[in-house]
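Residue numbers for the sequence shown follow our numbering, so the first one is 110 and each next one is one higher. Cβ coordinates follow ideal geometry from the N, Cα and C atoms, glycine included.
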Amino acid sequence: MPIDNSIVHQIHKKPDGQPATLTLREAELASSQALEQLLAGLIEAYNSKPNKAWGYFHEESGAYPFSGWLQQLIDQELDFVRFSSQATEHLKTLMEGSNLALGGHVLYIRYRQGMTAFLVIALLHHTEGVTVTDELDVAAARHLDLSSLNMAARINLTEWKQNASAKNYISFIRGRSGKRVSDYFRDFIGCVEGANPEEETNTLLQAFSAYVGEASLEPELVKDKATRERFPDKGTVGTLCRDLCVANGLVMRAVGDTMIMSPPLVISRSEIDELVDKAWKVLDQVAEQLGV
Numbered sequence: 110m111p112i113d114n115s116i117v118h119q120i121h122k123k124p125d126g127q128p129a130t131l132t133l134r135e136a137e138l139a140s141s142q143a144l145e146q147l148l149a150g151l152i153e154a155y156n157s158k159p160n161k162a163w164g165y166f167h168e169e170s171g172a173y174p175f176s177g178w179l180q181q182l183i184d185q186e187l188d189f190v191r192f193s194s195q196a197t198e199h200l201k202t203l204m205e206g207s208n209l210a211l212g213g214h215v216l217y218i219r220y221r222q223g224m225t226a227f228l229v230i231a232l233l234h235h236t237e238g239v240t241v242t243d244e245l246d247v248a249a250a251r252h253l254d255l256s257s258l259n260m261a262a263r264i265n266l267t268e269w270k271q272n273a274s275a276k277n278y279i280s281f282i283r284g285r286s287g288k289r290v291s292d293y294f295r296d297f298i299g300c301v302e303g304a305n306p307e308e309e310t311n312t313l314l315q316a317f318s319a320y321v322g323e324a325s326l327e328p329e330l331v332k333d334k335a336t337r338e339r340f341p342d343k344g345t346v347g348t349l350c351r352d353l354c355v356a357n358g359l360v361m362r363a364v365g366d367t368m369i370m371s372p373p374l375v376i377s378r379s380e381i382d383e384l385v386d387k388a389w390k391v392l393d394q395v396a397e398q399l400g401v
């Protein structure tokens, strides 16, 4: 997952009602294997959380300024450092209104997964552990505790910008102590909770099935659709189609001459359109190479 921008700031706050303070980083994080491992671990921990809610941005206002700053970032009117600093200052203000809120390190990472761009924001805390040193001594070791992740949000930037009617391009974790604890984090993002994601997933899967059916996309590659005559040397054409899929940025698995697509459950309508367009392009290329 290529990382475009990343930075971490720190909010110092105890759950005692006292004012919070900030330590703001002045430059983006440098690319490193450790940063890539952090992103991979964070996404794994985030995806494993069952208590997520979904939604979309409030209309930008003084109470909900985050989406405006994010738009300025995308339009290159704000750099990533300034964007994240303003956002963290806003988060600090909201945390001060919640006596139960605990400070931590606020991590921002803008990254790409395939052709989709995301922004993930997480409030991270340290935990104490132990390690064995190079000298084979046992020593204390402090590390980020991703297993206890309970304040994080992920924004599908591509869906936000390409689908104005989308209602579930933001997801966030509900606090483990109940919804009220996470309200300030939801308000920090400026998120309106939208439709039930399970219902949306079923709708998208039905739309995908209908789209594929209307387009008459056959899962099995045959020499003649009318007679169902197969190609000789079973699997050869399937392998050709699979390789052309990869060359066109599409993942399809060949089982003999049957092509299998496994779209993710969070696929969007725009991504369904893209998937089907690429599938058609690949089938045309296969037909051209085979002369059928």
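Terminal residues of the beta strand (DSSP E) in which residue i lies
i	result
lysine 161	161 to 166
glycine 220	According to the sequence provided, residue 220 is tyrosine. The question's glycine does not apply to it. 213 to 222 is the extent of the beta strand (DSSP E) around tyrosine 220.
arginine 251	247 to 253
serine 280	279 to 282
threonine 367	367 to 369
valine 301	300 to 302
Residue i in three-state terms, based on DSSP
i	result
isoleucine 183	helix
glutamate 383	helix
threonine 336	coil
alanine 231	strand
arginine 134	coil
leucine 353	helix
methionine 110	coil
aspartate 393	helix
leucine 347	It is glycine, not leucine, that sits at residue 347 in the sequence shown. Glycine 347 falls in the helix class under three-state DSSP.
asparagine 265	strand
serine 325	With a pLDDT of only 46 at serine 325, under the threshold of 50, the placement of this residue in the model should not be trusted; the figure read from the coordinates follows. Three-state result, serine 325: coil.
glutamine 76	Not covered by the structure: residue 76. The range shown for the chain is 110 to 401.
isoleucine 412	No information on residue 412 is available, as it lies outside the stretch 110 to 401 that the chain covers here.
glycine 287	Confidence at glycine 287 is low in this model, with a pLDDT of 47, below 50, so the placement of that residue should be treated as unreliable; the coordinate-derived value is given next. Three-state result, glycine 287: coil.
glycine 410	A question about residue 410 goes unanswered here, because the residues of the chain that appear run from 110 up to 401.
serine 274	coil
serine 115	strand
alanine 363	strand
alanine 172	coil
alanine 210	coil
alanine 139	coil
Contacts around residue i, its chain only, beta-carbon distance under 7 Å, and the 5 residues preceding and following it disregarded
i	result
aspartate 296	Leu203
threonine 242	Ala248
leucine 233	Gly213, His214, Leu216, Leu253
alanine 136	Val190
CA nearest to the CA of residue i, picked from the options
i	options	result
glutamate 153	Val190, Phe227, Phe175, Ser256	Ser256
serine 140	Leu200, Arg219, Tyr155, Asn160	Arg219
valine 117	Arg251, Val190, Asp243	Val190
arginine 337	Thr242, Gln398, Thr367, Phe192	Thr367
glycine 365	Tyr293, Val391, Leu330	Leu330
alanine 261	Gly358, Asp246, Val229	Val229
aspartate 382	Leu359, Glu397, Gly126, Leu399	Leu359
arginine 251	Glu237, Pro341, Leu233, Asn272	Glu237
aspartate 386	Leu187, Glu205, Asn357, Ile369	Asn357
isoleucine 264	Asp292, Asp246, Leu245, Gln222	Gln222
serine 280	Asn272, Phe227, Glu244	Phe227
methionine 361	Trp178, Ala335, Ala388	Ala388
alanine 149	Gly206, Pro111, Thr225	Pro111
leucine 200	His235, Met370, Asp292	Asp292
Neighbourhood of residue i by C-beta distance below 6 Å, restricted to the same chain and skipping five residues each side
i	result
lysine 158	Ile282
serine 176	Phe166, Glu169, Gly299
tyrosine 217	Ile116, Ser193, Ile230
glycine 126	Asn208
arginine 339	Val331
glutamine 119	Thr132, His214
CB-CB length for residue i against residue j, believed under 8 Å
i	j	result
leucine 133	serine 115	In fact, because the Cβ distance is near 15 Å, the residues do not count as touching under 8 Å.
proline 372	leucine 384	6 Å
threonine 197	valine 215	5 Å
leucine 151	alanine 231	6 Å
tyrosine 155	leucine 253	Not really, about 13 Å apart at Cβ, beyond 8 Å.
valine 401	lysine 332	6 Å
Close Cβ partners of residue i (< 8 Å) along its chain, the five nearest in sequence each way excluded
i	result
glutamate 302	Ala162, Trp163, Gly164, Arg295
isoleucine 183	Leu266, Lys270
histidine 121	Ala129, Thr130, Leu131, Thr132, Gly212
valine 395	Leu330, Val346, Leu349, Cys350, Leu353
lysine 436	Any property of residue 436 remains undetermined from this structure, which presents the chain solely from 110 to 401.
N-terminal and C-terminal residue of the alpha helix (DSSP H) that residue i is part of
i	result
valine 190	189 to 205
leucine 405	No answer is possible for residue 405: the residues shown for the chain start at 110 and end at 401.
Any non-hydrogen atom of the ligand NAP within 8 Å of residue i CB
i	result
glutamate 135	Ligands displayed in this structure: none; no statement on the ligand NAP is therefore possible.
Residue-level contact to chain C via CB, residue i, 9 Å cutoff
i	result
glycine 238	This model lacks chain C altogether; it includes just one protein chain.
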